[in-house]
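Residue numbers (full-length UniProt numbering): 1 to 264.
This is how it looks when you write it as structure tokens:
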């Protein structure tokens with residue numbers, strides 16, 4: 001390491017690799033039995049930080065942006081994984097040294113507090129060298145009990161369903177129409193004109209005579225033709241409206257039943 005680091009300063013610090021990429025956050029700090037200085041840290045990675053990988057602190061530096069280590073993110077992701085149970089065996093240490101190419105120095109390692117509280121971390125550093133124990137938050141709070149409260153929540157969504165069918169259909173109806181049509185016809189009109197004396201060129205004879213006159217008339221003629229009068233289309237459009245849904249949910253409640261207060 002480039003300078004001395006305190007365990008309480010490392011806990012929960014962001015870890016950045018040698019390319020500037022964030023790896024995760026510091027979980028547990030492991031001290032050297034020889035120097036009592038931080039030598040390894042576990043980095044919380046994976047979904048919700050459930051996975052912890054060991055990262056060496058040799059050549060690392062701590063500043064306002066976080067803990068800068070001298071390995072890359074991919075190297076950390078593929079590193080050997082051990083349970084952060086408070087002790088690293090000699091075999092586990094050797095595997096980590098060989099994986100990161102670090103010269104072996106010293107023996108076993110002991111972890112420090114993962115809560116980041118400086119007073120607890122300093123108390124752990126004053127322990128006997130060579131002990132392999134973990135002073136984490138759970139150990140410091142052995143006299144405290146906790147309970148997780150759960151509750152149900154409504155998850156509301158939508159799904160596409162068939163709500164009905166609409167058909168476009170045409171049919172024939174018969175109706176009566178009355179149309180007024182103008183018609184014409186010929187009628188006989190008799191005109192009488194007296195013959196003047198100057199117009200009598202021949203002598204008149206008395207006898208019977210007959211002439212036929214042909215009369216003409218128009219009559220309505222009905223015929224039908226089919227013509228296109230209208231085009232009807234049918235389509236769909238999406239209309240959004242709000243609907244209120246309700247449901248019953250269950251939730252847990254936590255009460256404190258203190259017998260000591262009753263006896264006072």
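Cβ atoms here follow ideal geometry from the backbone N, Cα and C, with glycine treated the same way.
- DSSP places residue 67 in the uninterrupted beta strand (DSSP E) bounded by 66–68.
- Taking a cut-off of 8 Å for Cβ pairs, the stretch 70–84 and the stretch 49–61 touch, as three or more such pairs fall below it.
- Of all C-beta pairs linking the stretch 63–73 to the stretch 5–23, three or more are shorter than 8 Å, placing the two stretches in contact.
- In this structure, the straight-line span from the alpha carbon of residue 201 to that of residue 215 is close to 32 Å.
- With respect to the C-alpha of residue 152, the residue from 36, 248 and 37 having the closest C-alpha is 248.
- Residue nearest to residue 185 within the set 219, 30, 33 and 207 is 219 (criterion: CA-CA distance).
- Contact check for residue 24 and residue 43: beta-carbon distance about 4 Å, within the 8 Å limit, so the pair qualifies.
- A distance below 6 Å between beta-carbons, with the five flanking residues on each side excluded, links residue 5 to the following residues of its chain, in chain order: 38 and 62.
- Between residue 102 and residue 36, the CB-CB gap reaches or exceeds 8 Å.
- Annotation: the UniProt domain "PRC-barrel" (6–75) contains the following complete segments of the alpha helix (DSSP H) (minimum length 4 residues), in chain order: 7–10.
- Boundaries of the alpha helix (DSSP H) around residue 94: 90–100.
- Counting the other Cβ atoms within 10 Å of the Cβ of residue 27 gives 16 or more, which makes it buried.
- Take the alpha-carbon of residue 157 and the one of residue 234: they are about 30 Å apart.
- Within the same chain, 17, 21 and 23 come within 6 Å of residue 73 by CB-CB distance, once the 5 residues on both sides are set aside.
- Inter-residue distance for residue 191 and residue 183 is about 25 Å (C-alpha atoms, whole angstroms).
- The closest CA to that of residue 45, considering only 34, 33, 29 and 14, is found on 14.
- Nearest to residue 93 by C-alpha distance, out of 148, 165, 221 and 31, is 31.
- Distance between residue 205 and residue 178, taken at the CA atoms: about 57 Å.
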